[in-house]
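Trainee:
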Amino acid sequence: MIEQILLIILFLIGFWGIIAKKNIIKKIFALSILNSSVLILYITEGSKIGTNAPIMEEGVKNVVDPVPQALMLTAIVIGVCITALALAIAFRLYRYTHTLDIDKIHRKLHDEPF
Amino acid sequence: MSHSDIIFAPIFLPLLGSALVFCGKSFFKGRKAKLIEYSAVFIGLGLPWIVLFYLLPFILSGTTIQLVIGNWFGGVGIIYRFDGLAWLVIFLGFLIASAAWIYTLGAGPRGLGFNAIFLIQTAALAATAMTADLFNLFVCLEILGITSYVLIASSEKPGAFLASFSYLMISATAMVFFLVGLLGLYRLTGTLSYEGIAAGLKILPGEGGITAIVSLSLIVAAIAMRVAVMPLYGWLPDAHALAPHAISAVLSGVLIKTPLFALTRILIILPGGIEAGRLMGYAGAATALVGVIIALAQKDTKRLLAYHSISQIGYIVSAWGAAVTAGLSTPAGLTLMTAAFLHAMYHALFKGLLFLTIGTTTDLAGERDVYKLRGAAIILYRGGEKFPVTLLCFLVGALAIMAIPPLNGYASKAALSYAFKGSWQASVLFAAGIGTTASFIKLSRIYWPQKKINQSSPKTGTIPGKVSGSVQISQIFLAIMCIASGIFASRISLIVKKLLSNGIIDTNRVPPNLFSIQNLEKTAITVTAGIVLFLIVSTGSGKKILSLIRNRPRNFQGLFLSFSLGMFGLTLWMIYKS
Chain A
12 MIEQILLIIL
22 FLIGFWGIIA
32 KKNIIKKIFA
42 LSILNSSVLI
52 LYITEGSKIG
62 TNAPIMEEGV
72 KNVVDPVPQA
82 LMLTAIVIGV
92 CITALALAIA
102 FRLYRYTHTL
112 DIDKIHRKLH
122 DEPF
Chain B
787 MSHSDIIFAP
797 IFLPLLGSAL
807 VFCGKSFFKG
817 RKAKLIEYSA
827 VFIGLGLPWI
837 VLFYLLPFIL
847 SGTTIQLVIG
857 NWFGGVGIIY
867 RFDGLAWLVI
877 FLGFLIASAA
887 WIYTLGAGPR
897 GLGFNAIFLI
907 QTAALAATAM
917 TADLFNLFVC
927 LEILGITSYV
937 LIASSEKPGA
947 FLASFSYLMI
957 SATAMVFFLV
967 GLLGLYRLTG
977 TLSYEGIAAG
987 LKILPGEGGI
997 TAIVSLSLIV
1007 AAIAMRVAVM
1017 PLYGWLPDAH
1027 ALAPHAISAV
1037 LSGVLIKTPL
1047 FALTRILIIL
1057 PGGIEAGRLM
1067 GYAGAATALV
1077 GVIIALAQKD
1087 TKRLLAYHSI
1097 SQIGYIVSAW
1107 GAAVTAGLST
1117 PAGLTLMTAA
1127 FLHAMYHALF
1137 KGLLFLTIGT
1147 TTDLAGERDV
1157 YKLRGAAIIL
1167 YRGGEKFPVT
1177 LLCFLVGALA
1187 IMAIPPLNGY
1197 ASKAALSYAF
1207 KGSWQASVLF
1217 AAGIGTTASF
1227 IKLSRIYWPQ
1237 KKINQSSPKT
1247 GTIPGKVSGS
1257 VQISQIFLAI
1267 MCIASGIFAS
1277 RISLIVKKLL
1287 SNGIIDTNRV
1297 PPNLFSIQNL
1307 EKTAITVTAG
1317 IVLFLIVSTG
1327 SGKKILSLIR
1337 NRPRNFQGLF
1347 LSFSLGMFGL
1357 TLWMIYKS
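What follows is the structure, given as structure tokens:
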């Protein structure tokens, strides 16, 4: 139970950070935190049954559900791609506007959108 | 490797093409690299056409090819299903992608990065249309997303980076909620394929109860965000308006519809899916009307078109939602679904055409403001178009979206109003049609000559660049498709219906009588009302109202607020209905 509560807190921290933080780099951090909370949720939920790592060898018994782990490997890769791309875009935004504040970026680009 | 593995060709050929693009650049230089790049694009966008037409007779006769990737056993491997729906969506994707790619030859963006990403996006479109596995759907949607963030930003406009960033953040957050929903369904049923989940939920007491319902609503909300239904549309206008023109055509034409049709597969078999479809249908009708009102208020040409995409996707979603509610196996549901797909296809054609022609015009004129740009026809003439191809193509597109016979927009809107048969949605869509007419009269004004010819305008002095041949070819191609699909609309509706019903022979056309007096009368009323509406909004107070709508506050937080509210509303609705 305690791990679920901690994960919900982690999830909410991420979600709050994306919405409330003005700095776009912090927003990207928050997205990573949000993503990680769901990754850990999958792993903890998948390990409810069994105790051993799902490596199919002689003598290994009582393994955890391998599917969530396989899924999360994919999700981690996607998360890394998104973080990298978001950071690249943030860098370009900084070069154009010389600020990382989302509201200031909005204002600067709103006046001359093209 | 068996015979039916050929259904993977529309996914693997573009991926192979994008790999070849990189290889060509790494190992060769100059002419050879160009040659390899073009042949790679031909492999990616050209060869799948042969496969599609080879498969058409099988699909028309009602065969559904279902395969598990890598020959794993069913419970573990990823299931792909190639049926009529998949064929139609993939056909549409390749049609628009091919036309858009030809356009980029003349107007950019060019280069290896662009071509490779564009091909990956096309592959992901095909995969999204075929997949029958919930986690694979997540991966496909993420690939579609990541490629579109890159392609939107590739126009190198500062605003495009902001649009891309907003889209990335909202969509990545939505996909996290998708994953949470996926975990809920996986925990209940222990499987990821749609059929497995549906079968698993059926044997659970109370069909999985509240966990299943909340999980499904999280998944539906995340996909609805991609489709840009009403409360979740905020990311779209900037992204579509600031992307390169060819990419706008693909994004508006195909990319927002593919997740919708992929969602069909989930909603028709999972318990509670019907209610989600019903609510999305209602939201779609509202989207059609609100989208067009905001579109009418815009002053940037491409943003006006982007809001029209929202409005038109509202038409599609409202018919689609009603079809899911009625059930695809019933005649009424099938008619609605046919109308929804016809409008999706025709919208892709005419909206793609509009984005390309407006893009050509505004690039040449160096001005995108509807109120400032005038005399664009003359500018195009001075840009080297002795025969006004772009102007005529724009007119075809504009008349099609205004639903003037015999163009294709008329056929699909008649199909929609026939399928709705006088329910309240029909009246909402009719009202939205009036707004569409008014706003396209407003947009057409950029081609009207200036009032004073010798007005000193610095923009008309120099014409940057010319209209190139490939730009004209892709515009003419789409314009011809618009006219042809309008003329042969009844026959096309039969084919689409047959494909969507997986080969059931049904000779009722949608609508049964396309050029009936009633339909023509309706068109006349819409056009007249549209002109009146245009005159009203051209007055001083009308312009004030429009600028209020245009300058309504929009910010980054608003995107997340509307997403959270939309998701919450959907969850409450589904708990209430179950």
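Protein chains in written order, with our numbering: chain A, 12 to 125; chain B, 787 to 1364. Beta carbons are placed, not taken as given, at the ideal position from N, Cα and C, and that holds for glycine.
#1: Can you tell me whether Ile793 of chain B is buried or exposed, with buried defined as 16 or more other CB within 10 angstroms of its CB?
#2: Taking 8 Å as the CB-CB limit, is Ser950 of chain B close to chain A?
#3: The stretch 83 to 95 of chain A: which residues have C-beta closer than 7 Å to a C-beta of chain B, in chain order?
#4: Please confirm whether Met955 of chain B has its beta-carbon closer than 8 Å to some beta-carbon of chain A.
#5: Which residue comes first and which comes last in the alpha helix (DSSP H) that contains Phe1342 of chain B?
#6: Look at the alpha carbon of Ala912 of chain B and the alpha carbon of Leu1018 of chain B, and state the distance between them as a whole number of angstroms.
#7: Have a look at Leu1345 of chain B and Ile956 of chain B and give me their C-alpha separation to the nearest angstrom.
#8: Please confirm whether Ala1105 of chain B and Leu1202 of chain B have their CB atoms less than 8 Å apart.
#9: Given a cut-off of 8 Å, decide if Lys1252 of chain B and Gly1170 of chain B are closer than it, judged by their beta-carbon atoms.
#10: Roughly how many angstroms lie between the CA atoms of Val1296 of chain B and Leu1177 of chain B, to the nearest whole one?
#11: Given a cut-off of 8 Å on the beta-carbon distance, is the pair Ile93 of chain A and Ala958 of chain B in contact?
#12: By DSSP's criteria, Gln852 of chain B is part of a beta bridge. Which residues make up the other side?
#13: Determine, using beta carbons only, whether Pro895 of chain B comes closer than 8 Å to chain A.
#14: Quick check on the DSSP output: the alpha helix (DSSP H) that includes Glu1307 of chain B runs from which residue to which?
#15: Could you tell me which uninterrupted alpha helix (DSSP H) segments, each at least 4 residues in length, are contained entirely in the stretch 1112 to 1174 of chain B, listed from first to last along the chain?
#16: 8 Å is my cut-off, CB to CB: does Val49 of chain A come that close to chain B?
#17: On the CB-based measure, 16 or more other CB atoms within 10 Å of its CB, does Asn1240 of chain B come out buried or exposed?
#18: Residues of the stretch 965 to 992 of chain B in Cβ contact with chain A at a cutoff of 7 Å, in chain order, please.
#19: Would Ala908 of chain B pass as a contact of Gly830 of chain B if the rule is Cβ separation under 8 Å?
#20: So Thr1044 of chain B packs on Ala915 of chain B, CB below 8 Å; how close in whole Å?
#21: Quick check: the Cα distance between Ala1184 of chain B and Pro800 of chain B, rounded to an integer number of angstroms?
#22: Can you name, in chain order, every residue of its own chain whose Cβ lies under 6 Å from the Cβ of Ile845 of chain B, other than the five neighbours on each side?
#23: For Glu69 of chain A, would you say it is in contact with chain C, using Cβ-to-Cβ distances shorter than 8 Å as the test?
#24: Per DSSP, Ser979 of chain B forms a beta bridge with which residues?
#25: Taking Cβ to Cβ, would you say Ala1125 of chain B is nearer than 8 Å to Ser1198 of chain B?
#26: Report all residues from its chain with a CB closer than 7 Å to the CB of Val1036 of chain B; omit the five preceding and five following residues, and keep chain order.
#27: According to DSSP, simplified to helix, strand and coil, what is Arg106 of chain A?
#28: Tell me whether the beta-carbon of Gly1039 of chain B lies closer than 8 Å to the beta-carbon of Thr1111 of chain B.
#29: Can you have a look at Trp27 of chain A and say buried or exposed, based on whether 16 or more other CB atoms are within 10 angstroms of its CB?
#30: Any contact of the stretch 1214 to 1231 of chain B with the stretch 1310 to 1318 of chain B, i.e. 3+ C-beta pairs under 8 Å?
#31: Which parts of the stretch 1035 to 1083 of chain B are runs of the alpha helix (DSSP H), unbroken and 4 residues or longer, counting only runs that do not cross its ends?
#32: Using the beta-carbon of each residue, which ones in chain A are nearer than 7 Å to Ile932 of chain B?
#33: Give me the Cα-Cα distance between His1026 of chain B and Lys1088 of chain B, rounded to the nearest whole angstrom.
#34: When you compare the CB positions of Leu1140 of chain B and Phe1180 of chain B, do they come within less than 8 Å of one another, or not?
#35: For Ile113 of chain A, which option in A:Gly25, A:Lys38 and A:Leu18 has the closest C-alpha, if you only look at C-alpha atoms?
#36: Between Ile36 of chain A and chain B, is there a C-beta pair that is closer than 8 Å?
Mentor: So, from the data block:
#1: Counting Cβ neighbours within 10 Å, Ile793 of chain B comes out buried, since at least 16 surround it.
#2: At least one chain A Cβ lies under 8 Å of Ser950 of chain B.
#3: Cβ contacts with chain B come from Thr85, Ala86, Ile89, Cys92 and Ile93.
#4: Yes - at least one Cβ of chain A is within 8 Å of the one on Met955 of chain B.
#5: Looking at the DSSP string, the run of the alpha helix (DSSP H) that includes Phe1342 of chain B is Phe1342 to Lys1363.
#6: Distance between the alpha carbons of Ala912 of chain B and Leu1018 of chain B is about 24 Å.
#7: Roughly 7 Å separates the two Cα atoms.
#8: Yes, the pair counts as a contact, with Cβ atoms nearer than the cut-off.
#9: For Gly1170 of chain B and Lys1252 of chain B, yes; Cβs fall inside 8 Å.
#10: Distance between the alpha carbons of Val1296 of chain B and Leu1177 of chain B: 31 Å.
#11: Yes, they are a contact pair.
#12: As DSSP reads the structure, Gln852 of chain B sits in a beta bridge with B:Arg867.
#13: So no, Pro895 of chain B is outside the interface.
#14: Element bounds for Glu1307 of chain B: Ile1303 to Ser1324.
#15: Residue ranges of uninterrupted alpha helix (DSSP H) with 4 or more members, entirely inside the stretch 1112 to 1174 of chain B and ordered along the chain, are 1117 to 1151 and 1162 to 1168.
#16: Interface residue, yes.
#17: Here Asn1240 of chain B scores only 47 on pLDDT, less than 50, and its place in the model should not be relied on; the value that follows carries that caveat. Counting Cβ neighbours within 10 Å, Asn1240 of chain B comes out exposed, since fewer than 16 surround it.
#18: Within the stretch 965 to 992 of chain B, Leu965, Val966, Leu969 and Arg973 place their CB atoms closer than 7 Å to a CB of chain A, listed in sequence order.
#19: At residue 908 of chain B the sequence reads Thr, which differs from the Ala that was named. The Cβ-Cβ distance between Thr908 of chain B and Gly830 of chain B falls below 8 Å.
#20: In this structure Thr1044 of chain B is in contact with Ala915 of chain B, their Cβ atoms being roughly 6 Å apart against a cut-off of 8 Å.
#21: Each residue's Cα considered, the two are about 32 Å apart.
#22: The residues are Gly870 and Trp873.
#23: Protein chains in the displayed structure are A and B, and chain C is not among them.
#24: For Ser979 of chain B, which the question treats as bridged, DSSP gives the partners B:Asp919.
#25: Going by beta carbons, Ala1125 of chain B and Ser1198 of chain B fall inside the 8 Å limit.
#26: These residues qualify, in order along the chain: Ile882, Ala883 and Ala886.
#27: In this structure, Arg106 of chain A counts as helix in the three-state DSSP scheme.
#28: No; because the gap between Cβ atoms is not below 8 Å, this pair is not in contact.
#29: By the Cβ-count criterion, Trp27 of chain A is exposed, with fewer than 16 other Cβ atoms from all chains shown falling within 10 Å of its own Cβ.
#30: Yes, they touch.
#31: DSSP runs (the alpha helix (DSSP H)) wholly in the stretch 1035 to 1083 of chain B: 1044 to 1055 and 1059 to 1083.
#32: Near Ile932 of chain B (Cβ distances below 7 Å), the residues of chain A are Cys92, Ile93 and Leu96.
#33: Looking at the two C-alpha atoms, the distance is approximately 8 Å.
#34: Taking C-beta atoms as the reference points, Leu1140 of chain B and Phe1180 of chain B count as a pair closer than 8 Å.
#35: Cα-wise, what sits closest to Ile113 of chain A is A:Lys38.
#36: The beta carbon of Ile36 of chain A does not come within 8 Å of any beta carbon belonging to chain B, so the residue lies off that interface.
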